[in-house]
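Asks: Dropping a structure here in structure tokens format, bear with me for questions.
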Amino acid sequence: MKIKKLASVVALAIVASGCSTKAYFKLPEQAKVSVYERPQQYSQGLVKTKPFYWTATGGIPYKLSDENGTLIRQGKLRARFRVASIFWPPFAIIYWPMGFGQRCYDLTAEQPQTCTHQDLIDIRRAYRLSR
278 MKIKKLASVV ALAIVASGCS TKAYFKLPEQ AKVSVYERPQ QYSQGLVKTK PFYWTATGGI
338 PYKLSDENGT LIRQGKLRAR FRVASIFWPP FAIIYWPMGF GQRCYDLTAE QPQTCTHQDL
398 IDIRRAYRLS R
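The numbering used here numbers the first residue of the sequence shown as 278 and each following residue consecutively.
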């Protein structure tokens with residue numbers, strides 16, 4: 278009986294992890310980011326979205342804009358292959374194989390960088406307190 282419960286919990290965790298990709302973003306003041314030409318705009322903190330198609334292999338396109346919608350900067354974020362897409366039935370490896378390549382992106386500089394460990398801790402703490 279315990280094995281069945283454990284197997285169902287593991288299966289549920291695999292299903293839940295196969296549905297999305299997420300990363301934290303450090304942004305300039307009053308800026309918002311949109312990824313992969315999707316209409317949603319996100320403030321600093323956690324960005325959780327559907328995985329990306331094979332076209333994101335060369336990088337995930339992003340646009341950084343201010344509160345008025347004026348474009349500040351655009352470019353590409355590092356992407357990685359999602360191993361979960363191999364096991365996600367029936368066709369995730371075809372449609373959603375790519376995810377964010379880093380846990381945290383720092384978009385305050387001209388080029389996207391990895392956040393420092395302290396930046397990641399601060400962004401996570403602020404995100405958790407805002408919920």
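Virtual Cβ for every residue (Gly too), placed ideally from N, Cα, C.
Does the distance from the CB of Phe-302 to the CB of Gln-318 come in under 8 Å?
Replies: What you label residue 302 is simply residue 25 of the sequence shown in a count that begins at 1. What you label residue 318 is simply residue 41 of the sequence shown in a count that begins at 1. No, the Cβ-Cβ distance between Phe-302 and Gln-318 is not below 8 Å.
Asks: Which residue comes first and which comes last in the alpha helix (DSSP H) that contains Tyr-330?
Replies: Start at 1 with the first residue of the sequence shown, and residue 330 comes out as number 53. Element bounds for Tyr-330: n/a, residue is neither H nor E.
Asks: State buried or exposed for Trp-413, treating a residue as buried only when at least 16 other CB atoms are found within 10 Å of its CB.
Replies: The displayed coordinates of the chain run from 278 to 408. Any statement about residue 413 would go beyond what the structure contains.
Asks: Can you tell me the Cα-Cα spacing of Gly-352 and Arg-408, whole angstroms?
Replies: Here residue 352 corresponds to residue number 75 of the sequence shown, with the count starting at 1. Here residue 408 corresponds to residue number 131 of the sequence shown, with the count starting at 1. Using only the alpha carbons, I get a separation of about 29 Å.
Asks: Considering only residues of the same chain and omitting the five flanking positions on each side of Arg-350, which have a CB-CB separation below 6 Å?
Replies: Sequence index remark: in the sequence shown, residue 350 carries index 73 (1-based). Excluding sequence neighbours, Arg-350 sits near Leu-341.
Asks: In angstroms, rounded to a whole number, what distance separates the CA positions of Val-360 and Ser-311?
Replies: Position 83 of the sequence shown, counted from the first residue, corresponds to residue 360. Position 34 of the sequence shown, counted from the first residue, corresponds to residue 311. Each residue's alpha carbon lies about 24 Å from the other.
Asks: In angstroms, rounded to a whole number, what distance separates the CA positions of Gln-372 and Ser-297?
Replies: Your numbering for residue 372 matches position 95 in the sequence shown. Your numbering for residue 297 matches position 20 in the sequence shown. For clarity, residue 372 is Tyr in the given sequence; the question names Gln instead. Taking the straight line joining both Cα atoms gives about 12 Å.
Asks: Just how far apart, CA to CA, sit Tyr-382 and Lys-281?
Replies: In the sequence shown, residue 382 corresponds to position 105, counting from 1. In the sequence shown, residue 281 corresponds to position 4, counting from 1. Using only the alpha carbons, I get a separation of about 39 Å.
Asks: Please determine, among Leu-323, Ala-308 and Pro-338, the residue with the shortest C-alpha to C-alpha distance to Glu-314.
Replies: Indexing the sequence shown from 1 puts residue 314 at position 37. Nearest option by C-alpha distance: Pro-338.
Asks: Can you grab the Cα-Cα spacing for the pair Glu-387 / Ser-285, in whole Å?
Replies: Here residue 387 refers to the residue found at position 110 when the sequence shown is read from its first residue. Here residue 285 refers to the residue found at position 8 when the sequence shown is read from its first residue. Going by the C-alpha atoms only, they are around 46 Å apart.
Asks: Tell me the residue span of the beta strand (DSSP E) that contains Tyr-404.
Replies: For the purposes of this step, residue 404 is taken as the residue at position 127 of the sequence shown. Per DSSP, Tyr-404 belongs to no beta strand (DSSP E); it is in the alpha helix (DSSP H), 394–407.
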